[in-house]
Structures are given as C-alpha cells and as structure tokens.
Amino acid sequence: MLFSIFPLMAVDGDSAKSSIRVRDSLTEFSWEPSAGENQPSNVSIIGEWNWNTHSDLTFDANSGTWSTSISLQEGLYCYKFVIGENDYRFDNDNSYRGYCGNYENSIVRVDNTSKPVLSLDSFSINTSGLDATILYWAGTSQANPNTINATLMHDFSDIPITGIWDASNWKFSLDIENLADGKYTLRVNANDVNNAEAEELLLPFWIGEESDFIWDDALIYMVMTDRFVDGNSANNPVATSAAQGADWQGGDFAGVTQMIQSGYFNNLGVNALWLTPFNTAANGTGIAGDGQHEVSAYHGYWPIEPRGVDARLGTEAELEELISTAHEHGIRVMGDLVVNHVHEDHPYYSNNPDWFNQGCLCGTENCGWTEHRLDCLFRSYMPDINWKNRDASEQMIADGLWWLERFDLDGARIDAVKHVDDLAIYNFGTQVKERFETMGT
Numbered sequence: 118m119l120f121s122i123f124p125l126m127a128v129d130g131d132s133a134k135s136s137i138r139v140r141d142s143l144t145e146f147s148w149e150p151s152a153g154e155n156q157p158s159n160v161s162i163i164g165e166w167n168w169n170t171h172s173d174l175t176f177d178a179n180s181g182t183w184s185t186s187i188s189l190q191e192g193l194y195c196y197k198f199v200i201g202e203n204d205y206r207f208d209n210d211n212s213y214r215g216y217c218g219n220y221e222n223s224i225v226r227v228d229n230t231s232k233p234v235l236s237l238d239s240f241s242i243n244t245s246g247l248d249a250t251i252l253y254w255a256g257t258s259q260a261n262p263n264t265i266n267a268t269l270m271h272d273f274s275d276i277p278i279t280g281i282w283d284a285s286n287w288k289f290s291l292d293i294e295n296l297a298d299g300k301y302t303l304r305v306n307a308n309d310v311n312n313a314e315a316e317e318l319l320l321p322f323w324i325g326e327e328s329d330f331i332w333d334d335a336l337i338y339m340v341m342t343d344r345f346v347d348g349n350s351a352n353n354p355v356a357t358s359a360a361q362g363a364d365w366q367g368g369d370f371a372g373v374t375q376m377i378q379s380g381y382f383n384n385l386g387v388n389a390l391w392l393t394p395f396n397t398a399a400n401g402t403g404i405a406g407d408g409q410h411e412v413s414a415y416h417g418y419w420p421i422e423p424r425g426v427d428a429r430l431g432t433e434a435e436l437e438e439l440i441s442t443a444h445e446h447g448i449r450v451m452g453d454l455v456v457n458h459v460h461e462d463h464p465y466y467s468n469n470p471d472w473f474n475q476g477c478l479c480g481t482e483n484c485g486w487t488e489h490r491l492d493c494l495f496r497s498y499m500p501d502i503n504w505k506n507r508d509a510s511e512q513m514i515a516d517g518l519w520w521l522e523r524f525d526l527d528g529a530r531i532d533a534v535k536h537v538d539d540l541a542i543y544n545f546g547t548q549v550k551e552r553f554e555t556m557g558t
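Structure follows, in structure tokens:
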C-alpha cells in the first residue's frame, strides 16, 4: 500500500500550549422530553460504571435539555436515564443497545481519548472529483500532530494524494480532480508526536451518473453464486453425498464477473447485486428440514470461518475482480451476512460456547418459528448466536464491518433478520453509519 506522508510540525517542548483543538476527556449525556411531554422535576442517569449511584442532570431552560458529563475509561457501558423517581428510559438519541444481566439498556462506546481523532469538516463531490477538509483533534495528552497521510483507493489499489496542511487551524484540505466514473474511497490517517494514532477516516464516494444512486429505487438481482455460472472449472468442488439437486454445482465469482462483462445485468436495468454468502461454508452435508435428505452448504449459510472466502467460489482476488467489474459497470454489490447462527464446525462455537442459545429446534412441537424466533435452532448443527452476549454481538459486528471494508462492498443484507434481537440491526447499522457513511454516501 502506498502512502503520502507529510510531517506537520516538530515537538516544541510545550505542546499543550500550542494545541488548537483538543478532545474532551468527559463523556456527555443529554436528555429532553418528547414532543408534548412536560418537563420533569428531575432527571438522573445510572450506568454500568456504578449501578449504585444516580448522577443528576442539569437543566438548561434556554434549550429545554438536561445534561451531565462523566469521566469514563475506554470501554462499553450500559446506562439509562431515570425520569423522576423510577421511570427508566433508553436514550432516544442513541440507537446502540446492549444487555447488562437480563435488562436491555442504551450503550455508550467510549474510546481512548488520549489518542487524536480526525473528523470531516466539509466536502463536495462534482462530476470528476472531490473537495474535502479534515479537522485534526489532539488527544487529551494535547500532543501536537506529527504526520498525516491520504490515499485514494480505486479498484483495490491505493494512490497517494497530496493535501494542504493548515498549521494555524489544524486542517487538512484535499482537492482531487480528473477522476474517471466509478467508486473511490478516500483514506486519511494521522498520528501525534507521541506516536498515538487516530482511527483511520474512510470516505467512500462515487463519480459519475451512479453517484445519485438510491437504495430505495435500486433494481436488485440476487445471485446464488454456486447456481449461477461456472467461470472457472479449476475450483469446482468434489461431489458430496448430498441428494440430487442439493450439491455444489460449480458456479463461482469468475462466472458472475463474466456475466457482468457481457452486459447481462446492465441490459436488464440491474444496478445492484445481492450475492449469497461467500465466507467459507461447511464441508460435507447435513440433514435437510424434511429429516431425510442430505444437503450441502452450496448456499453459503452454514459458515465455518468468520473471515475466510470459500475456495469453492473462488479466491480473494477473484472476488475483488467481481466487485471492481461491477463498479466499472455502475453496479453496487451487497454482501449477505449470516448473523443468526454458525455451523457447528465454526471456531466461535467450539471456543465460546457461552455465545450461543440453548434452544429448541424451530418448527417442532412447542417451538414455533415465531414464538421462539430468537432462541430456536434452524437445525441441530446450526448453533444459534445469543446477541444478548456482548462479546458475541461485538464480534459479529466487527466481522461484518471487516467484510464491508476488505472487499469494498456497498451494502449488506442481514440474513434471518426476524430471528435476531432488534439490537443486532440497530448496533450494526450504527457502526456502519459511523464507519462508512461520514459523507452520507
């Protein structure tokens, strides 16, 4: 990967005095009544940092809001507002949720405030380029900035981008021109003189007609990759004992790429592809829902690895080529994330048994698909993930974000959404927005 590194300033021996923009070491919480609701006499907050103590919020008559600031160490914390004496409420301005014990709460994510952070000040996209201004914030150590770098990713290659550093305002300005139509991701990194690194700022964007794409108006074509087109017979899997029609058929990434190149999807008016899961799926077979026939994992919904591409569908390079080709043709690509369960051969199941529900088999007696939607198992060999377990939920979200970033995906379909806790969708969506949608794209 290529980087363009710009030294910003040297240590001056008194960096605290020269700090222009410093992160707050406190975490601020605020609450205001819903429309039509009267102001209460008092509002407090209680949280995982100390369940035994309520912290009162201060009322601002001008804004009509209640607020307080609390010093918290890096980590995740459950909390709720307490209106009056015992009216416990979620934070309606924070969609992140989690369980402490058996109770669902709002969750605040506190990062390491001693590290610097980058934020987007302004941006504009035109027909052939991007203008953006990035703000640098010192960590609570108030250490001066040391280096900043920017690269532009296109077709899985990174190009160094030269920007202008304004030392008087700690602003990094970029003016990128003469870009061909397609998808790009601007990556900005920085560190301070203590070598503390800011989290990378990602700014995905499109140039050309497809920059106006709206998912609500998309024409989406679902591709079950193994059943589509065999573009590379070298990766065809060995036959299993699956029943007729229930085994691997040889479709792969190369086949999808060939069909994109042929104009097949463009001729249909398709501007988004939904690919079935491409993480490594189980070997062998399992008994189908009828209790008789053996079926293979050709569909991809029996994952046995969190971040591995299934070789029966192709290589990482072939998946990259598929996505690059789709983007060249103005087509978005959506991954299919399996978040309700794994296959019993998955390392998460063997290494973390407490991450899984011990439920009944969906559809059997006294185990309805709706009544037990959150804890029943699709099949006995498909352990059901317990999203109330914070470690499990955070890991599943991290894996989903990895797939989106690693393969430059444009979106995700959440499998079996009915069967996961609502917080799975809220939390994943929140992190996707924070990580990839800084510019609203």
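Numbering of the sequence shown is given in the numbering used here, commencing with residue 118 and proceeding in unit increments.
Backbone N, C-alpha and C fix where the C-beta goes; we use that ideal spot for every residue, glycine too.
Pair within 8 Å by beta-carbon distance, residue i and residue j
i	j	result
TRP504	ASP538	yes
ALA559	VAL456	No answer is possible for residue 559: it lies beyond the span of the chain, which begins at 118 and ends at 558.
LEU518	ARG490	no
VAL450	ASP329	no
ASP532	TYR418	yes
Residue closest to residue i, alpha-carbon to alpha-carbon, out of the options
i	options	result
ASN286	TRP254, ILE278, ILE187 and LEU521	TRP254
ILE440	ASP272, ASN219 and PRO262	ASP272
ASN469	THR244, ASP204, THR481 and MET513	MET513
ALA363	TYR194, ALA389, GLY403 and ASN383	GLY403
VAL373	TRP391, THR342, ASN179 and PHE495	THR342
GLU438	PHE146, ASN219, ASN474 and SER274	SER274
GLN190	SER231, ARG523 and ALA335	SER231
GLY546	LEU143, ALA529, LEU174 and ASP525	ALA529
ALA398	HIS463, HIS410, GLY452 and ASN353	HIS463
ASN266	VAL340, LEU174 and LEU303	LEU303
GLU221	ASP228, ASN243 and CYS195	CYS195
GLY367	ASN263, TRP323, THR481 and VAL355	VAL355
THR442	ILE137, VAL139, ASN169 and LYS300	LYS300
SER576	SER172, ASP208 and PHE495	The displayed coordinates of the chain run from 118 to 558. Any statement about residue 576 would go beyond what the structure contains.
SER142	SER188, GLY164 and TYR498	SER188
ASN474	THR481, GLY480 and HIS458	HIS458
PHE176	ASP333, PHE146 and PHE495	PHE146
Same chain only: Cβ atoms within 6 Å of residue i, ignoring 5 sequence neighbours per side
i	result
TRP148	VAL160, TRP183 and PHE198
GLY447	GLU327
ARG507	GLY215
ILE251	LEU235, PHE289 and VAL305
SER241	ASP248
SER136	ALA255 and GLN259
Delimiting residues of the beta strand (DSSP E) encompassing residue i
i	result
GLY386	First-last for GLY386: undefined, no H or E at that position.
ARG523	Premise fails: ARG523 lies in the alpha helix (DSSP H), 507-523, not in any beta strand (DSSP E).
GLY528	528-531
ALA267	262-271
ARG496	Where ARG496 is concerned, there is no enclosing beta strand (DSSP E), given that its DSSP letter is neither H nor E.
TYR415	Where TYR415 is concerned, there is no enclosing beta strand (DSSP E), given that its DSSP letter is neither H nor E.
Extent of the continuous alpha helix (DSSP H) to which residue i belongs
i	result
LEU252	Note, LEU252: premise wrong, no alpha helix (DSSP H); beta strand (DSSP E) at 247-254.
ASP275	Taken as a continuous stretch (DSSP letters only), ASP275 belongs to no alpha helix (DSSP H), being part of the beta strand (DSSP E) at 274-277.
LYS550	539-553
ASN468	464-468
Close Cβ partners of residue i (< 7 Å) along its chain, the five nearest in sequence each way excluded
i	result
ALA371	GLY348, ASN349, GLY431 and GLU435
TRP365	ASP343, PRO354, SER413, TYR415 and ARG429
GLY164	TYR194, CYS195 and TYR196
Same chain, Cβ closer than 8 Å to residue i, neighbours up to 5 away in sequence not counted
i	result
GLY425	ASN396 and THR397
Practice task
Write down every uninterrupted run of the alpha helix (DSSP H) in the stretch 327-383 whose length is 4 residues or greater and which is fully enclosed by it, in chain order.
Solution key: With a minimum length of 4 residues, the continuous alpha helix (DSSP H) runs that stay inside the stretch 327-383 are 370-378.
Mind listing, in chain order, the continuous beta strand (DSSP E) runs of no fewer than 3 residues lying wholly within the stretch 157-217?
-> The stretch 157-217 contains these whole beta strand (DSSP E) runs: 160-164, 167-173, 175-177, 182-187, 192-200, 204-206 and 214-217.
_Which complete alpha helix (DSSP H) runs does the stretch 418-445 hold, if anything under 4 residues is left out?_
Counting only runs of 4+ residues, the alpha helix (DSSP H) found wholly inside the stretch 418-445 occupies 433-445, in chain order.
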